[in-house]
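Written below as structure tokens is the structure these notes are about.
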Amino acid sequence: MDSDMDYERPNVETIKCVVVGDNAVGKTRLICARACNATLTQYQLLATHVPTVWAIDQYRVCQEVLERSRDVVDDVSVSLRLWDTFGDHHKDRRFAYGRSDVVVLCFSIANPNSLHHVKTMWYPEIKHFCPRAPVILVGCQLDLRYADLEAVNRARRPLARPIKPHEILPPERGREVAKEIGVPYYETSIVAQFGVKDVFDNAIRAALISRRHLQFWKSHLRNVQRPLLQAPFLPPKPPPPIVSVPAPPSSIEEHPSRLLEDPLCADVILVLQERERIFAHRIYLATASSKFYDLFLMDVRPPKEPARPHPRPPASAHLSGRELLMRAASFDVCETPAAAEGDRANLRACTSDGTLKTGEAEERVGRGRLLSSWSRAFLSIQEELVDDPVTYNPRPVTVVHMDPSMQPGPFRAVLRYLYTGQLDEHEKELMHIAHIAELLEVFDLRMMVANILNNEAFMNQEITKAFHVRRTNRVKECLAKGTFSDVMFKLDDGTIMAHKPLLISSCDWMAAMFGGPFVESCTKEVSFPNTTTSCMRAVLEYLYTGVFCSRSDLDCMELIVLANRLCLPHLVALTELYTVTILREATLMGVDIDGDVLLYLDVAQFHGAHQLTSWCLHHVCTNYNSVCRKFPRDMKIKSAENQEYFEKQRWPPVWYLKEDDHYQRARKEREKEDYLYQKRQCKRKWLFWNLPSPPSSSSPSSSGSSSVI
Numbered sequence: 001m002d003s004d005m006d007y008e009r010p011n012v013e014t015i016k017c018v019v020v021g022d023n024a025v026g027k028t029r030l031i032c033a034r035a036c037n038a039t040l041t042q043y044q045l046l047a048t049h050v051p052t053v054w055a056i057d058q059y060r061v062c063q064e065v066l067e068r069s070r071d072v073v074d075d076v077s078v079s080l081r082l083w084d085t086f087g088d089h090h091k092d093r094r095f096a097y098g099r100s101d102v103v104v105l106c107f108s109i110a111n112p113n114s115l116h117h118v119k120t121m122w123y124p125e126i127k128h129f130c131p132r133a134p135v136i137l138v139g140c141q142l143d144l145r146y147a148d149l150e151a152v153n154r155a156r157r158p159l160a161r162p163i164k165p166h167e168i169l170p171p172e173r174g175r176e177v178a179k180e181i182g183v184p185y186y187e188t189s190i191v192a193q194f195g196v197k198d199v200f201d202n203a204i205r206a207a208l209i210s211r212r213h214l215q216f217w218k219s220h221l222r223n224v225q226r227p228l229l230q231a232p233f234l235p236p237k238p239p240p241p242i243v244s245v246p247a248p249p250s251s252i253e254e255h256p257s258r259l260l261e262d263p264l265c266a267d268v269i270l271v272l273q274e275r276e277r278i279f280a281h282r283i284y285l286a287t288a289s290s291k292f293y294d295l296f297l298m299d300v301r302p303p304k305e306p307a308r309p310h311p312r313p314p315a316s317a318h319l320s321g322r323e324l325l326m327r328a329a330s331f332d333v334c335e336t337p338a339a340a341e342g343d344r345a346n347l348r349a350c351t352s353d354g355t356l357k358t359g360e361a362e363e364r365v366g367r368g369r370l371l372s373s374w375s376r377a378f379l380s381i382q383e384e385l386v387d388d389p390v391t392y393n394p395r396p397v398t399v400v401h402m403d404p405s406m407q408p409g410p411f412r413a414v415l416r417y418l419y420t421g422q423l424d425e426h427e428k429e430l431m432h433i434a435h436i437a438e439l440l441e442v443f444d445l446r447m448m449v450a451n452i453l454n455n456e457a458f459m460n461q462e463i464t465k466a467f468h469v470r471r472t473n474r475v476k477e478c479l480a481k482g483t484f485s486d487v488m489f490k491l492d493d494g495t496i497m498a499h500k501p502l503l504i505s506s507c508d509w510m511a512a513m514f515g516g517p518f519v520e521s522c523t524k525e526v527s528f529p530n531t532t533t534s535c536m537r538a539v540l541e542y543l544y545t546g547v548f549c550s551r552s553d554l555d556c557m558e559l560i561v562l563a564n565r566l567c568l569p570h571l572v573a574l575t576e577l578y579t580v581t582i583l584r585e586a587t588l589m590g591v592d593i594d595g596d597v598l599l600y601l602d603v604a605q606f607h608g609a610h611q612l613t614s615w616c617l618h619h620v621c622t623n624y625n626s627v628c629r630k631f632p633r634d635m636k637i638k639s640a641e642n643q644e645y646f647e648k649q650r651w652p653p654v655w656y657l658k659e660d661d662h663y664q665r666a667r668k669e670r671e672k673e674d675y676l677y678q679k680r681q682c683k684r685k686w687l688f689w690n691l692p693s694p695p696s697s698s699s700p701s702s703s704g705s706s707s708v709i
């Protein structure tokens, strides 16, 4: 259907609406939202502004635009024709004003100058070119009033002037200007799809009322209302911040391998071939190897009548390298018990200074225990007082003499596996490693060697995963039972046994305490005031396994305090996530959490729990009225920064509450005015239908009665 036919249709009012205003205030976007039902995101609207004008010939070339121009307002069929204008083309704009029925005057709520120009330039110009056309004042870009201006400015073009918070105009500023010039005021947002219909429907009403004064004979214009009031826009409730857990600070293998190279708090000395000694840690060896676990649980004191070994030249000492390699290849390098006992006869335990000396077997047996009948991998075990290789503090250690067939290089590779679960596929002495794994009964390591030899090293990843699962379970068991513990934490409600090597490898704070010049480095008891056993156990489980384990008796805030004290940001994040999850579940169950949130807010801010702080601030802001009503004292004693944040970020915002209050009062006044108007109309109708007949000379009584009325 051609657009000219709208002018010929009976009882169809064609309205010419001209949209004017400064550049970049949103005129064309507003027209497109009405004429084309166009929707845009905020970031699309923030793209580089290119001055445009919406062509009026769209009503002729686009059937959809023509159909959308037709509407029914107050039972009046209308066809709305929108005219777009350039904000800076003064010569061309006067042609757009010609025969206009209504003018929509736009400004941006983020640009105070555009509102100033409404009074100084635009309204005088409108009254000059079309003095009888009604005007509608429109505040555009309403969404910027509640948007994140920092994100908005980052998304804008590089050379654009940033939007400052103090430049955002409150609704009363626009309403004051509208009152000064005597026009209705509305606000719109293309992003929120708010106010577009209100603006143009009421512009149509203003145009029809103006036309009704000139064309009073048109009966279908009698019921047209004056422009309606606009309800204030309630911004969407901001979503709660997402609590995320960052990646752990380092891999599982990094710290244990570093501890192997720098043996702080070592409690085991492994003696190889009577000349090489390696410092190690019982907890790492025992949780990785069942053989070491049983060894360290063994009573190292010799039996009452120890059996004296039979001296015999060691068989392994006369083996050539080729013979040893061939025996390792078969995974069956084993000396006879007699040969092994002959080797042990000439060994003597290390003294407190850590040196190894040869001597007679009787001295060593009197202070330790022979293991010839128990395992092929070990010769003897005994307790000695040795200086710590890092702190140089004397401490008791377990000295284990290993089988002479174990060479230092391959044995270190085996130790690295026992600490980290990893085996370098580029190791050269794989057969020796397999031999040691066979003696120690570490069958997974032997399988890894076989995979490497068969060019199937990729299969070792699953073995490593299984290794860490087993170690985690064994470490939990050692923590629960206190097995192999070497330090005791004194807490407010009890004590907990722990293991220094595991603490050192997973916590820098613990490493500094046990490895530095502090009293705790040479004592077995460490006091932790203001800490409960439940909280400390949760920290120890995290340090041992890297996993946060929740407990029913766990105080989340106490755990955050302790985790921050120990410089464990990853544990702090895990506790934040756990705390927020509990609060959300309580909210879903209908439990009031406002008091807990206020308490958590103070603790989280003081102890660096930034994500929990953001979540608590969001909860207080989105429930501001309820929290203030229930906890007025707590809200008043909050810090000045918090109170300022509450005032800026509270929801609903202050400007909405003021606008809603003004809207309710204005609506009551409007209803009262409408009631009085309807009452006057009814009275006029009643008087019209009850007027007496004109007086005549034949009926004087009628004349007398009419004068009384």
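Residue 70 in this note's numbering sits at position 70 of the sequence shown; the count goes up by one each step and never skips. Every residue gets a Cβ at the ideal spot worked out from N, C-alpha and C, and that includes glycine. Please read these numbers as outputs of a predicted model, since none were measured by experiment.
Would you say residue i and residue j are within 8 Å of each other, going by their C-beta atoms?
i    : j    : result
M431 : L272 : no
L106 : G26  : In the sequence under discussion, the amino acid at residue 106 is Cys, which differs from the Leu named in the question. Their beta carbons are under 8 Å apart, which means C106 touches G26 by this criterion.
S405 : H435 : yes
I560 : H499 : no
A33  : I190 : yes
P232 : E659 : yes
D262 : V390 : yes
V76  : V224 : yes
Leaving out the 5 sequence neighbours to the left and right, which residues in its chain are closer than 7 Å to residue i when beta-carbon positions are compared?
i    : result
N460 : L423, M448, N451
P501 : L259, C265, H281, I283, Y284
N623 : D594
Q407 : H432
E520 : M513, F514, V526
If you count every other CB in all the chains shown that lies within 10 Å of the CB of residue i, and 16 or more means buried, which is it?
i    : result
P235 : buried
H619 : buried
L599 : exposed
I637 : exposed
Q230 : buried
M536 : buried
E176 : exposed
G494 : exposed
T39  : exposed
F528 : buried
L214 : exposed
D198 : buried
E150 : exposed
M557 : buried
C130 : buried
DSSP three-state label for residue i, please.
i    : result
T495 : strand
C140 : strand
W83  : strand
M298 : coil
D388 : coil
S244 : coil
C36  : coil
T188 : coil
D634 : helix
V224 : coil
M406 : coil
V442 : coil
E276 : strand
K237 : coil
For residue i and residue j, which I take to be in contact (beta-carbon distance under 8 Å), what is that distance rounded to the nearest angstrom?
i    : j    : result
L439 : S289 : Not confirmed; about 11 Å, so no contact.
L612 : T587 : 15 Å between Cβ atoms; not a contact.
T85  : V19  : 7 Å
L577 : V245 : 6 Å
K481 : T545 : Incorrect: roughly 16 Å between the Cβ atoms, too far for contact.
D491 : T532 : The sequence given here places Leu at residue 491; Asp does not occur at that position. Confirmed, Cβ separation roughly 6 Å.
Of all the CB atoms in chain C, is at least one closer than 8 Å to the CB of residue i?
i    : result
Q225 : The structure shown contains no chain C; it is built from a single protein chain.
Identify, in the order they occur along the chain, each residue of the same chain with its Cβ nearer than 8 Å to the Cβ of residue i, setting aside the five sequence neighbours on each side.
i    : result
G717 : Here the chain comprises residues numbered 1 to 709, so residue 717 is not present and cannot be evaluated.
R446 : F331, A434, A437, E438
E180 : K119
F378 : L295, L371, V400, H401, M402, D403
Among residues of its own chain, excluding the 5 on either side of residue i, which ones have a beta-carbon nearer than 6 Å to its beta-carbon?
i    : result
S114 : D22, V25, F107, S108
Is residue i near the ligand FAD, with its Cβ less than 7 Å from a heavy atom?
i    : result
G494 : The ligand FAD is absent from the structure shown, which contains no ligand whatsoever.
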